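Asks: Residue numbers (our numbering): 17 to 280. A virtual CB, placed ideally from N, CA and C, is assigned to each residue, including glycine. All of these numbers come straight from a predicted model, not from anything done at the bench. Let me begin by handing over the structure; questions about it come next.
Structure follows, in structure tokens:
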């Protein structure tokens with residue numbers, strides 16, 4: 017007997033195929049698709065999905081749920097929309113790795129985006145931060161190391177280039193953070209202190225991310241050069257020079273770029 021059976025829905029399996037009628041079965045933590053006559057199939061729990069779409073859980077690749085996902089572990093608004101995984105640490109802003117002092121500063125600085133819920137805030141490393149979610153929250157999470165955290169811990173909140181020693185220290189933090197479960201690096205090149213990073217600095221950091229098998233996710237430097245495409249050109253160059261895959265967090269059109277989306 018199956019553990020659960022979702023009957024009669026239209027299955028959209030995420031492969032790009034057209035939706036089709038079928039049942040979804042769960043057995044011993046494995047998911048199976050059943051087609052044809054399944055009227056004789058028995059399950060401990062059954063759901064009638066007639067008239068509904070049945071799909072894999074969605075991955076929300078751009079969130080600012082870094083604190084809310086801890087303070088409200090059920091995260092019902094996301095679950096009820098079918099989200100099963102949240103990406104955290106976006107836009108170069110997040111809460112690990114950070115010393116206690118810098119964590120307090122980041123909490124105040126970014127409270128308008130991520131809120132400031134009542135929590136113990138007893139972490140400093142990526143591993144300790146991710147432990148807040150382990151077997152405690154309804155959603156899976158993936159974490160990007162924010163470059164603002166790296167800069168705050170090495171350069172500080174100053175507007176100046178990082179030294180070679182500071183870049184090496186940031187690279188060490190990336191290696192350690194990715195060993196502890198992070199999936200890559202994020203930047204938000206509109207927000208201090210991450211905005212102060214030079215292209216060369218980001219290339220060196222992304223080399224380390226690439227070595228660790230990660231990805232570079234960027235809110236690009238929108239005010240660079242022509243104020244439209246040059247920020248994206250910088251991101252592409254960082255990926256090409258470092259060998260690191262690049263994902264653009266946003267693409268915003270304006271009057272100057274109207275009708276030019278194909279140039280991306």
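If you scan the region 152-193 from start to end, which runs of the beta strand (DSSP E) of 3 or more residues do you find wholly inside it?
Replies: 156-162
Asks: In angstroms, rounded to a whole number, what distance separates the CA positions of residue 96 and residue 79?
Replies: If you take the alpha carbons of residue 96 and residue 79, they lie about 16 Å apart.
Asks: Any idea which residues DSSP pairs residue 49 with across the strands?
Replies: 40
Asks: On the three-state DSSP scale, how would you describe residue 228?
Replies: coil
Asks: So within the region 192-258, which uninterrupted beta strand (DSSP E) runs reach at least 3 residues, ignoring any that extend past its ends?
Replies: 200-204, 231-235
Asks: Between which residues of its own chain and residue 229 is the CB-CB distance below 6 Å, once the five residues before and five after are set aside?
Replies: none
Asks: Taking only runs of the beta strand (DSSP E) that begin and end inside the region 55-128, which ones reach a length of at least 3 residues, in chain order?
Replies: 59-64, 74-76, 99-104
Asks: Taking residue 194 as the reference, give the member of 175, 174, 184, 142 with the closest Cα.
Replies: 142
Asks: Quick one, are the C-beta atoms of residue 114 and residue 82 less than 7 Å apart?
Replies: no
Asks: How big is the Cα-Cα spacing for residue 134 and residue 49?
Replies: 43 Å
Asks: Quick test of your reading: residue 155 and residue 101, contact by CB under 8 Å. State the CB separation rounded to the nearest angstrom.
Replies: 6 Å
Asks: Considering only C-alpha positions, which residue in the set 187, 256, 146, 94 is nearest to residue 110?
Replies: 146
Asks: Quick check: residue 72 and residue 35, are their CB atoms within less than 7 Å of each other?
Replies: no
Asks: Return the residue from the list 163, 172, 153 that minimises the CA-CA distance to residue 202.
Replies: For residue 202, the closest alpha carbon among the candidates 163, 172, 153 is that of 163.
Asks: Is it buried or exposed for residue 179, if we count other Cβ within 10 angstroms and need 16 for buried?
Replies: exposed
Asks: Among 243, 224, 255, 244, which one has its Cα closest to the Cα of residue 234?
Replies: Minimum Cα-Cα distance from residue 234 among the listed residues 243, 224, 255, 244 corresponds to 255.
Asks: Taking 6 Å as the limit between beta carbons, can you name the residues of its chain near residue 223, skipping five residues before and five after?
Replies: So the list reads 258, once near-sequence residues are dropped.
Asks: On the DSSP letters alone, give me the boundaries of the alpha helix (DSSP H) that residue 143 sits inside.
Replies: 142-147
Asks: Give me the Cα-Cα distance between residue 207 and residue 32, rounded to the nearest whole angstrom.
Replies: 37 Å
Asks: Of the choices 108, 67, 84, 57, whose alpha-carbon is the least far from that of residue 157?
Replies: When each option's Cα is compared against that of residue 157, the closest is 84.
Asks: Please say whether residue 23 and residue 64 have beta carbons closer to each other than 7 Å?
Replies: yes
Asks: How about residue 236 and residue 245: are their beta carbons less than 7 Å apart?
Replies: no
Asks: Can you tell me whether DSSP reads residue 29 as helix, strand or coil?
Replies: coil
Asks: Is DSSP giving residue 19 helix, strand or coil here?
Replies: strand
Asks: Take the Cβ of residue 279 as the centre, count every other Cβ of all protein chains shown within 10 Å, and call the residue buried at 16 or more, exposed below.
Replies: exposed
Asks: In the DSSP assignment, what residue or residues form a beta bridge with residue 263?
Replies: 233
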